[in-house]
Amino acid sequence: MSYGKNEKINNAIIRSYALMDSNIRNDTHKSYVFSKQIIHDDESLTENEKSEAITLLTKHYDLNKLLYRNLFSITF
27 MSYGKNEKIN NAIIRSYALM DSNIRNDTHK SYVFSKQIIH DDESLTENEK
77 SEAITLLTKH YDLNKLLYRN LFSITF
């Protein structure tokens, strides 16, 4: 993938985070669903770019779930 397309995808993801309300941002699942919908509705992206952006969002979401689950399961 060329840098120009990657930049376009990154900008779309950043835009989805910028549009997020703080109530949504505080909930990992709601944040993920909201960002996916914004990416899906973005008319400036091709279907392949949307797919790539959603794949990146999903990887980030899965990593966050794993990190938070492990973080809160630590006992002192």
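Going by the working numbering, the residue at position 25 of the sequence shown is 51; the numbering climbs one at a time, nothing skipped. Here a beta-carbon is modelled for each residue, glycine too, at the ideal position from N, C-alpha and C.
Residue 36 versus residue 60: straight-line alpha-carbon distance, rounded: By 1-based counting over the sequence shown, the position of residue 36 is 10. By 1-based counting over the sequence shown, the position of residue 60 is 34. Approximately 16 Å between the Cα atoms of the pair.
Q) Under three-state DSSP, which class holds residue 72? A) Looking up residue 72 in the sequence shown gives position 46. In this structure, residue 72 counts as coil in the three-state DSSP scheme.
**Asked** Given that a residue counts as buried once 16 or more other Cβ atoms are within 10 Å of its Cβ, and exposed if not, what is residue 69?
**Response** Sequence index remark: in the sequence shown, residue 69 carries index 43 (1-based). The residue in question, residue 69, is exposed, as its Cβ has fewer than 16 Cβ neighbours within 10 Å.
By Cβ distance, which residues of its chain are closer than 7 Å to residue 62, with the 5 residues on each side in sequence left out? Residue numbering aside, residue 62 sits at position 36 when the sequence shown is read from its first letter. Excluding residues within five positions, the ones whose Cβ falls inside 7 Å are 80 and 83.
Problem set entry | For residue 77 and residue 32, the rounded distance between their alpha carbons | Residue numbering aside, residue 32 sits at position 6 when the sequence shown is read from its first letter. Residue numbering aside, residue 77 sits at position 51 when the sequence shown is read from its first letter. Between residue 32 and residue 77, the C-alpha separation is close to 12 Å.
So, is residue 64 buried or exposed, given that buried needs 16 or more other C-beta atoms within 10 angstroms? Taking the sequence shown and counting its residues from 1, one reaches residue 64 at position 38. Result: buried.
- Hey, how far is the Cα of residue 50 from the Cα of residue 58? Taking the first residue of the sequence shown as position 1, residue 50 is located at position 24. Taking the first residue of the sequence shown as position 1, residue 58 is located at position 32. Taken atom to atom, the span from the alpha-carbon of residue 50 to that of residue 58 is near 9 Å.
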